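Taken in order, these protein sequences are the chains called Y and Z. Just so you know, we're using the working numbering here: the first sequence kicks off at 1361 and counts up by one. Just so you know, we're using the working numbering here: the second sequence kicks off at 4 and counts up by one. Even for Gly, the Cβ is constructed at its ideal location relative to N, Cα and C. Bear in mind that the values here come from a model prediction, so they are computed numbers and not experimental data. Accompanying notes for the structure given below.
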Amino acid sequence: MSRRLALRHDGTPLAISFERKGERFALDLDGRRFEADVVRDGFWFTVRSGGKATRCAVARGRRGVWVSCEGRTYLLEHERPEAAAKGKSPVDELRAPMTGRVVQVAAENGAAVREGDLLVTIEAMKMEFRLVAPEDGVVAEVRCGAGERVELGDLLVVLEPRA
Amino acid sequence: MSPARADFAAGRGAAARDTPAAPAPDEPVFRKVLVANRGEIAVRVCRTLRAMGIPSVTVTSDADRSAPHARAGDETVAIGPAPPAQSYLNAAAILDAARRTGAEAIHPGYGFLSENAAFAAECRAAGIVFIGPSPESMARLGDKSAARRTALSCDVPVVPGAEEIDSAERGLVEAERVGFPVILKAAGGGGGRGMRVVAARAEIEPAFEAARREAKSAFGDERLLLEKYVHPARHIEIQILADASDAVALGERECSLQRRHQKLIEESPSVAVALGVRSAMERAASVLASAAGYAGAMTAEFLLGADGGFYFLEVNTRLQVEHTVTEMRSGLDLVRAQILIAAGRSLDEALGARAPALRGHAIEARLCAEDPYHGYLPQTGTILALSWPEEEGLRIDSGIAEGQSLTPHYDSLLAKVVAFGRDREEARARLVRALRGAALLGVVTNQAFLIDLLEDGSFRRGETFTHTVESREWRSPAEVPDPALAAVAAFSSAPRAPGGDDETDRYSPWQRLGNWGRAGGAA
């Protein structure tokens, strides 16, 4: 019996199906097939596949499962079927790219903006990030104010693209 | 106000307890020291204080109550809310904490109050020793234009240029004086806007107009200045230790690999610094220290051009983040030297019995909570799991621990990974091995990016310039997930057999973490 996982990594869907017998896995990763032995030794997992052993660490967090292999760390998020099916949204939802503080709101409700125009400036860890209009359009909604603290992914501005 | 030695006899027994295996610790020079910083540097300063037999006090903001530095000293004092202005930059709260705990001296680390002459003066007025230079030395060297004037008066070369470029004609006169290529810069700005590189005579007029327009729109100030354009350039700095009467230079560090004007990788020695250039730079840095009557640890930063010409940039009147590189090569503890000099001891005492000799090669990589593949955006989150490798010749100065939340209030530096080798390649290989052997889960970091930089042909060949990191598109390693990644994900989500007869799973972290596969596997 094969199990399937629908994951997303760095915005890209990643389909994994596998069968497991003890330590032995037969895997299919986006159509690539391989076999691997996975053994846990305390903090680390050792994965042996194709004559190569790789040490990995795994932890589960709020955002998904984190896997670290040889100094590279991957966050695997669950693919939400509704998100994948939705396709292109009719509006641009501009979300906070990081947790931080809003230092400036340049966007005004109803204002026409050009691609690249500054909408919101956020500051975190002594760095400023400028959120700009991804295309020409009209600001439909401003959901943040200067001085406010925002979390990663918070909706800041809704932009209606010019038709 | 160097305290007398006899005052401290009573405190020695308790302090010696912590370092039973070490040789007899120094006679403590202070009864107690407060560390006015956070993160890895606060932890690192406490380590030295412990080795010196000096009790330490750390300070914590509300966001840092459970941070490692809160536990690094003998006691800790809460100094205010998370924003730095109300805590780590809050001079009154820090001085109050020092008074209440009976600390005789304050070590400011780097950043925060470390280069604040007013704070150094307040410490002095409060009868507390500031472990750093005097406010007077700081004022003469810490301010960029004051430092440039000091350098000029000491015949230390600065980037040739001219201010008040108010016409293309005047620009041309000055450009021919300093020699092409030159760069036109907005006098009132920074961050790359309002800048134009001019390679030849014919380009000066359009460049002048464009730079002036940009300067006006970006900064509301159309004043321009002109400088010789040093390109490609390396960032080289000289470490100085000085007391009231003498200064010693401890070689250079190359810190050319930067992003957003912040250093990523530092090494010593630099492959580009020839013997003659090194001694000229060391002489220039020592002259600056002497001219300012500097006592303590100081760094003079220079730009090094391809022709071996170097130009003074600025002085850092504090301990540098990358001081570790010099420590690895010299065997010195620069924090210990700072403390001894601040207590009024001589440079000879601060250096110890041996004359400082530099050997081998050391490279440091800064592990930061940032996403190098998406504009170096700072990252927050909770550190879910953390493991550092151990190896001879490897030093890790870390300010993080499992379970810690990273807030957006502070710098993104998490840890410094420093490798020593008999030569550059040995140090480089050790550092890459260390970065590959470390695991930090729960927060996006630049770990893989550092490995890629260190493995790149340009780094191996020593072709490191200030523009190297940002002039290239570095590919995200995310594009092709490792098969091992999928295997572990699969392992982690495999269903346990009914009745829990699968021993591997019963003791796996997934037992504790819940069955992640159940939700995602139903597709």
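Query: Of all the CB atoms in chain Z, is at least one closer than 9 Å to the CB of ALA1466 (chain Y)?; Result: no
Query: For GLU208 (chain Z), which residues from the same chain have a beta carbon less than 6 Å from its beta carbon, with the 5 sequence-adjacent residues on both sides left out?; Result: ALA171
Query: Contact check, VAL1532 (chain Y) vs GLU1483 (chain Y) under 8 Å by CB: the rounded distance?; Result: Outside the displayed range of chain Y (1361 to 1523) lies residue 1532 (chain Y), so it cannot be described from this structure.
Query: Whose C-beta lies closer than 8 Å to the C-beta of SER1409 (chain Y) among residues of the same chain, with five residues either side of it excluded?; Result: PHE1394, GLU1395, ALA1396 and ASP1397
Query: Taking 9 Å as the CB-CB limit, is ILE403 (chain Z) close to chain Y?; Result: no
Query: Would DSSP call ALA492 (chain Z) helix, strand or coil?; Result: helix
Query: Return the first residue and the last residue of the alpha helix (DSSP H) that VAL338 (chain Z) is part of.; Result: 337-345
Query: In terms of alpha-carbon separation, which member of Z:LEU453, Z:GLU466 and Z:SER156 lies closest to THR1433 (chain Y)?; Result: Z:LEU453
Query: Can you tell me which residues form a DSSP beta bridge with VAL276 (chain Z)?; Result: Answer is none; VAL276 (chain Z) lacks a bridge partner.
Query: Interface residues of chain Y around ALA442 (chain Z) at Cβ under 7 Å?; Result: ALA1417 and SER1428
Query: Against chain Z, does ALA1471 (chain Y) count as a neighbour if the rule is that its beta carbon must be under 9 Å from one of theirs?; Result: no
Query: Report back the beta-carbon spacing between THR79 (chain Z) and LYS35 (chain Z) to the nearest angstrom; my notes put them in contact at under 8 Å.; Result: In fact, because the Cβ distance is near 13 Å, the residues do not count as touching under 8 Å.
Query: Along chain Y, which residues have their Cβ under 9 Å away from the Cβ of SER415 (chain Z)?; Result: ALA1484, MET1485, LYS1486 and MET1487
Query: Helix, strand or coil: how does DSSP classify LEU322 (chain Z) here?; Result: coil
Query: Determine the DSSP secondary structure at THR104 (chain Z), reduced to helix, strand or coil.; Result: helix
Query: Determine which residues share a DSSP beta bridge with TRP1404 (chain Y) and list them.; Result: Y:ASP1401
Query: By alpha-carbon positions, which one of Z:GLU43, Z:ALA39 and Z:GLU30 ends up nearest to LEU417 (chain Z)?; Result: Z:GLU43
Query: Just to confirm before moving on: does the CB-CB distance between GLY384 (chain Z) and LEU409 (chain Z) stay below 9 Å?; Result: yes
Query: Would PRO1494 (chain Y) count as contacting chain Z if we go by Cβ distances under 9 Å?; Result: no
Query: Just verifying my parser: in three-state terms, what is the DSSP assignment at HIS1369 (chain Y)?; Result: strand
Query: Which term fits VAL274 (chain Z), buried or exposed, when burial requires 16 or more other beta carbons within 10 angstroms of its beta carbon?; Result: exposed
Query: What is the DSSP secondary structure of ARG1363 (chain Y), counted as helix, strand or coil?; Result: strand
Query: At a CB distance below 7 Å, what residues from the stretch 324-347 of chain Z approach chain Y? Give them in sequence order.; Result: none
Query: Within the same chain, show all residues whose beta-carbon is closer than 6 Å to that of ALA189 (chain Z), passing over the 5 residues directly before and after it, in chain order.; Result: GLY197, ALA218 and PHE222
Query: 9 Å is my cut-off, CB to CB: does ARG1432 (chain Y) come that close to chain Z?; Result: yes
Query: Going by DSSP, which residues form a beta bridge with LEU1387 (chain Y)?; Result: Y:PHE1378 and Y:PHE1394
Query: For PRO1305 (chain Y), which residues of its own chain have a beta-carbon under 8 Å away from its beta-carbon, when the five flanking residues on both sides are left out?; Result: Outside the shown range of chain Y (1361 to 1523) lies residue 1305 (chain Y), about which nothing can therefore be said.
Query: So is GLY465 (chain Z) buried or exposed if we call it buried at 16+ other beta carbons inside 10 Å?; Result: exposed
Query: In whole angstroms, what is the alpha-carbon distance linking LEU291 (chain Z) and ASP169 (chain Z)?; Result: 32 Å
Query: Which same chain residues end up closer than 8 Å to ARG1461 (chain Y) when comparing Cβ atoms and leaving out the 5 residues on each side of it in sequence?; Result: ILE1482, GLU1483, ALA1484, GLY1507, GLU1508, ARG1509 and VAL1510
Query: Starting from the C-beta of ALA353 (chain Z), find all residues in its chain whose C-beta is less than 6 Å away, skip the five residues before and the five after it, and write them out in chain order.; Result: ALA340, LEU343 and ILE344
Query: Is it true that the stretch 466-475 of chain Z meets the stretch 1362-1379 of chain Y, where meeting means three or more beta-carbon pairs spaced less than 8 Å apart?; Result: no
Query: Hey, would you say ARG1503 (chain Y) sits closer than 9 Å to LEU1515 (chain Y), going by beta carbons?; Result: yes
Query: Evaluate ASN319 (chain Z) with the Cβ neighbour count: other Cβ atoms within 10 Å of its Cβ, from every protein chain shown; 16 or more gives buried, anything less gives exposed.; Result: buried
Query: To the nearest angstrom, report how far apart LEU397 (chain Z) and ILE243 (chain Z) are at their CA atoms.; Result: 24 Å
Query: Between the stretch 240-260 of chain Z and the stretch 225-232 of chain Z, can you find at least three pairs of beta-carbon atoms closer than 8 Å?; Result: no
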